[in-house]
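J.: Sharing a structure below in structure tokens format, with a few things to ask.
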Amino acid sequence: MSLINLPHAVPRVILFDWHATLVDTHDAMYHAIDEILPRLRDLGLYERMISIKQSRTLEDAKLVQYVRKHGQLHPKVRKARKVSRTDIFEVLFGHDQEAKDMAHRAFDAAYRTHCGEVTPLEPDVLKTMEHLREMEIRLGLLSNRNREFVEQEIEALGENGWRESFDTMVCGDDVPRRKPHPDQIQAALSRLNEQAGLHCWYVGDSTTDVAAACKAEIAAVFYNGANWKQDWIDRIFPGTVSYPHRPHAVVANLHELLHQARILKYAVSE
């Protein structure tokens, strides 16, 4: 499905994920993951990992099995740098929200010593934001990271340009539940005095981003910056009873996102 095939999805609001959608913080993220996975037993999380039979895909099952046996990510997973912290926790703990909350808290404690290692994911992110704002589209920034970390990373990038690009920002510790729950999206829309609908887009790189958008009843745009093949995208979004959420559109980069927004915006206004 593509948003350009949904004329009622003309964007008024576009919300963006932070890590691996607008910026690259992989080094800091994986350093923190490397610290907590060997400590899963001490954290009371080892026995709370899901069984292999509960895994969504064969690859998910292999990740669970490897972490259970070795207390770390497989070298190939780490080298590829394509999986977010949130998706790793989703794969390891499934629907156990308490376990995921515990893992996020442990991650936050470890991440504090690495935060600040950040670069724009694409060279013209701010220019794309300017073009969207020129189209009278309001923009928001969402992150499962704590606000202290996002604030520090924005400052490391040169805070003025990045802050001024967004009309609202909601972080992981601003709401009761992090993604894949819809709390952050709902909070952002409330601050913008906007109702949910397909005219609101959420752009993110993970399955949890897509799930959060669908649960919030807005348009889910999967940012495929990792260059996943279509067969892999179909596998991580199977549309099953257990994993029903699928993106309304997939974009490879911000230029494609801007193109889709322009087609819808100006086609309807003509």
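The working numbering applies: residue 6 is where the sequence shown begins, and numbers increase by one. Positions of the beta carbon are idealized from the N, C-alpha and C atoms, including for glycine.
What are the partner residues of residue 206, as DSSP defines its beta bridges?
T.: Paired residues: 19, 224.
J.: Out of 126, 23, 133, point me to the one whose CA is closest to residue 261's CA.
T.: Per the Cα distances, 133.
J.: Going by beta carbon distance, what residues of the same chain come within less than 8 Å of residue 157, once the five residues before and after it are set aside?
T.: Excluding residues within five positions, the ones whose Cβ falls inside 8 Å are 120, 121.
J.: Determine the contact status of residue 107 and residue 145, defining contact as a CB-CB distance below 8 Å.
T.: The answer is no: Cβ separation not under 8 Å.
J.: In chain order, which alpha helix (DSSP H) runs of at least 4 residues are fully inside the region 59–144?
T.: With a minimum length of 4 residues, the continuous alpha helix (DSSP H) runs that stay inside the region 59–144 are 63–75, 80–85, 90–98, 102–116, 130–139.
J.: How many whole angstroms separate the CB atoms of residue 216 and residue 185, which I take to be in contact at a CB cut-off of 8 Å?
T.: About 4 Å; that satisfies the 8 Å criterion.
J.: From the DSSP output, in three-state form, read off residue 255 for me.
T.: Three-state result, residue 255: strand.
J.: Report the three-state DSSP secondary structure of residue 174 (helix, strand or coil).
T.: Reduced to three states, the DSSP call for residue 174 is strand.
J.: Where does residue 7 sit, in a helix, a strand or coil, going by DSSP?
T.: Looking at residue 7 - three-state DSSP - the assignment turns out to be coil, as it is neither helix nor strand.
J.: If residue 223 sits next to residue 244, beta carbons under 8 Å apart, how far is it from one beta carbon to the other, in whole angstroms?
T.: Residue 223 to residue 244, Cβ: 18 Å. No contact.
J.: Using the Cα positions of residue 135 and residue 172, report the straight-line distance between them to the nearest angstrom.
T.: Rounded to the nearest angstrom, the two C-alpha atoms are 12 Å apart.
J.: With residue 48 and residue 78 assumed to form a contact (beta carbons below 8 Å), what rounded beta-carbon distance in angstroms separates them?
T.: Actually they do not touch by this definition, with Cβ atoms about 16 Å apart.
J.: Three or more beta-carbon pairs under 8 Å between the region 53–71 and the region 161–170, yes or no?
T.: Verdict: no, contact absent.
J.: Can the beta-carbon of residue 213 be found less than 8 Å from the beta-carbon of residue 113?
T.: Not in contact: residue 213 and residue 113 (Cβ atoms no closer than 8 Å).
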